Amino acid sequence: LTQVALSAIQVHDMALCRPLLAEAPVLRAGDLLLEDRGFIDGATVSALKRKRRVDVIIPLKANMLATQEAVQLAEIADKWQAHPSRADQRIALVRGVEHRWAECAVPLNACVIRFWNKKKKRTDHIVLVTTDLELNAPWIVRHYEERPEIEQDYEQMKSGGWQLKKLSSTRYSEIVFYVLTVVLSYSLYHLFVN
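Written as structure tokens, this is what we have:
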């Protein structure tokens, strides 16, 4: 855990985190940022790539033109390959879908994931885009699969698993010691588990 932004639930994720993305010293050139759909903002993706040289992987919404373009190009090329971790899914790399996302001013490659949607009873697609043009489709998926673990860590912190709300002292040094001890313990646990 290197940086946190906290706010009321009514504040949109992008509005809350825009200053962090623009200025946070923890983001350095060459980093890869995994974002969820709440961070779809072409201008911010472009600024991260151009100004900070930070690459992004983000899933697109189904109704976006870049999503529809990527799916159509993947179907036309018909060069599907095995999903790196899910046997019932196929993936395909599609290069250059940024022209269908007007707000995004940097080159994007897409990884189209094709799967059988049991609820809709039809083939469906998920499209992940990245500004790292050297990543192939399996690596885009592998990197993005790290996100659920990050979400789980955040959920534990937020839901009281780390008991940050139960601080009995108001002294700054004791609060800092407690938080650092919890983070260190959690990090050591993950180090030994892996």
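Every number in my numbering is 958 more than the matching position in the sequence shown, counting from 1.
From the three backbone atoms N, C-alpha and C, an ideal C-beta is built for every residue, glycine too.
Computed from a prediction, not measured in an experiment: that's the story for all the values here.
Under the three-state reduction of DSSP output, His-1041 falls in the coil class, being neither helix nor strand.
Scanning its chain for C-beta atoms nearer than 7 Å, with the 5 sequence neighbours on each side dropped, one finds around Arg-976 the residues Thr-1002, in chain order. According to the DSSP secondary-structure assignment, Phe-1135 is paired through a beta bridge with no residue.
From the listed residues Ala-1095, His-1101, Ala-1060 and Met-972, the smallest Cα separation to Phe-997 is found for Met-972. The beta carbons of Lys-1019 and Arg-995 sit closer together than 8 Å. The beta carbon of Ala-1005 sits closer than 6 Å to no other beta carbon from its chain once the five residues preceding and following it are set aside. Apart from the 5 residues on each side of it in sequence, Arg-1058 sits with its Cβ closer than 7 Å to the Cβ of Leu-1023, Ala-1024 and Glu-1027 in its chain, given in chain order.
Relative to the Cα of Leu-991, the nearest Cα in the group Gln-968, Phe-1150 and Leu-1086 belongs to Leu-1086. Contact annotation, Ile-1071 with His-1041: C-beta distance approximately 7 Å; criterion of less than 8 Å satisfied. With contacts defined by Cβ atoms closer than 8 Å, Ala-1050 and Gln-1039 form a contacting pair. Ranked by Cα distance from Glu-993, the first of Pro-983, Arg-1008, Val-1012 and Asp-1036 is Val-1012. Under the 10 Å beta carbon count, Ala-1095 is surrounded by 16 or more other beta carbons and is classified as buried.
The alpha-carbon of Asn-1075 is positioned some 44 Å away from that of Thr-1139.
When secondary structure is reduced to three states using DSSP, Thr-960 falls in the coil class, being assigned neither helix nor strand. Under a 10 Å Cβ-count criterion, Ala-1068 is classified as buried, with 16 or more other Cβ atoms of the shown protein chains found around its own Cβ. Beta-bridge partners of Cys-1069 (DSSP): Leu-1051 and Leu-1086. Taking 8 Å as the upper bound for CB-CB distance, Glu-1061 and Gly-1000 are in contact here, some 3 Å apart.
Contact annotation: Val-1014 and Thr-960 have beta-carbon atoms that are not nearer than 8 Å. A check of alpha carbon separations from Ser-1043 across Arg-1010, Ile-1098 and Asp-989 identifies Ile-1098 as the nearest. Around the beta-carbon of Val-984, fewer than 16 other beta-carbon atoms lie within 10 Å, marking it exposed.
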